[in-house]
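First comes the structure, then the notes that go with it.
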């Protein structure tokens, strides 16, 4: 019934908000009911909730739902094929990345280093691109990257970057 | 008055969709800024989603007539204890 009402609000272009814990009033294990209902609400387009922030399950569901929503939005953002380098040069050496970049002339280069032993490769690539006159923004992320390193390497730190290789009409080339 | 002291952007909870109740909250909003939550009810909580929407539609016209952008308003569909009613 609440879900139905939220959907009707959406249709009028109105933002909905609920007092979440009202639902589980008088029930045992309120937290699991609250968390489940929050999820249903978000699915229906709920825009706000007054909730008990000390419930870990509820907060995790919220954070998970927001993450999914972000990914969903990113997926449907129109991407122009020449605005991003649309293939991965996984494990490739700096000179190969340089060669590809000279060929494609991308507007942006994204790099990711997952382990501390490969993070130096980002600096190597960045230095080599600059030395060859390629002055494009470089986004660097991955588990072993951090803000301090990014500054040192003179690249942009991409803390929450997600790589979606899907570009309409141009399938990604995975090397 | 709490609204004068509050350091952030206040969210005023809750106005009923009843005319005088809503008007007094809208006046607070006009004077102090912030956001407002409007409940999908007048005196009693309507039984069905359709009835709640009717109440909200009425409130919406009042909000617009008072010169407010509905963007500043959140609408509460009213969650009731599970099992108590048909939620």
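Protein chains in written order, with my numbering: chain H, 138 to 312; chain R, 10 to 96. Here a beta-carbon is modelled for each residue, glycine too, at the ideal position from N, C-alpha and C. Owing to the predicted nature of the structure, the values given are computational and were not obtained by experimental measurement.
With residue 252 of chain H as the anchor, note down where its alpha helix (DSSP H) starts and where it stops.
-> Taken as a continuous stretch (DSSP letters only), residue 252 of chain H belongs to no alpha helix (DSSP H), as it is neither H nor E.
Using a C-beta to C-beta distance shorter than 9 Å, which residues of chain R count as neighbours of residue 154 of chain H?
-> 20, 22, 46, 83, 84, 85, 86
Extent of the continuous alpha helix (DSSP H) run through residue 162 of chain H | Here residue 162 of chain H belongs to no alpha helix (DSSP H), and DSSP marks it neither H nor E.
Write down every uninterrupted run of the alpha helix (DSSP H) in the region 245-298 of chain H whose length is 4 residues or greater and which is fully enclosed by it, in chain order.
-> 256-268, 284-290
Would residue 153 of chain H be called buried (16 or more neighbouring beta carbons within 10 Å of its own) or exposed?
-> buried
Just the chain R side, please: which residues come within less than 8 Å of residue 184 of chain H by C-beta, in chain order?
-> 83
Count the other CB atoms within 10 Å of the CB of residue 61 of chain R; is the residue buried (16 or more) or exposed (fewer)?
-> buried
Since I believe residue 181 of chain H is in contact with residue 140 of chain H (beta carbons under 8 Å), could you give me their beta-carbon distance rounded to a whole number of angstroms?
-> 5 Å
If I'm right that residue 251 of chain H touches residue 279 of chain H with Cβ under 8 Å, what's the distance once you round it to whole angstroms?
-> 5 Å
Please report how far the alpha carbon of residue 262 of chain H lies from the alpha carbon of residue 151 of chain H, in whole angstroms.
-> 49 Å
Compute the beta-carbon to beta-carbon distance between residue 245 of chain H and residue 276 of chain H, rounded to the nearest angstrom, for a pair I have assumed lies under 8 Å.
-> 7 Å
Nearest neighbour of residue 43 of chain R, chosen from R:80, R:19, R:78, R:71 [CA to CA] | R:19
Would you list the residues sitting across from residue 231 of chain H in a DSSP beta bridge?
-> In DSSP, residue 231 of chain H forms no bridge with anything.
May I ask you to report which of helix, strand or coil DSSP gives residue 22 of chain R?
-> strand
Proximal chain R residues relative to residue 159 of chain H, where beta-carbon distance stays under 7 Å | 88, 89, 90
Taking all protein chains shown into account, do 16 or more other C-beta atoms lie within 10 angstroms of the C-beta of residue 57 of chain R, making it buried, or fewer, making it exposed?
-> exposed
Bridge partners - residue 186 of chain H, DSSP secondary structure assignment | H:155
Just mark residue 72 of chain R as buried or exposed, buried being the case when its beta carbon has 16 or more other beta carbons within 10 Å.
-> buried
Is it right to say residue 159 of chain H is buried, meaning 16 or more other beta carbons lie within 10 angstroms of its own, or is it exposed?
-> buried
Cβ-Cβ distance between residue 185 of chain H and residue 88 of chain R below 8 Å | no
Nearest chain H C-beta to residue 49 of chain R closer than 8 Å, yes or no?
-> yes
How many whole angstroms separate the CB atoms of residue 46 of chain R and residue 24 of chain R, which I take to be in contact at a CB cut-off of 8 Å?
-> 7 Å
Classification of residue 178 of chain H by the beta-carbon crowding that lies within 10 angstroms, buried from 16 upward | buried
Using the C-alpha atoms, what's the distance from residue 143 of chain H back to residue 161 of chain H?
-> 18 Å
Quick one: grab the DSSP three-state call for residue 223 of chain H.
-> Summary for residue 223 of chain H: the model assigns pLDDT 41, below 50, so the residue's position carries little reliability, and this model does not support an answer.
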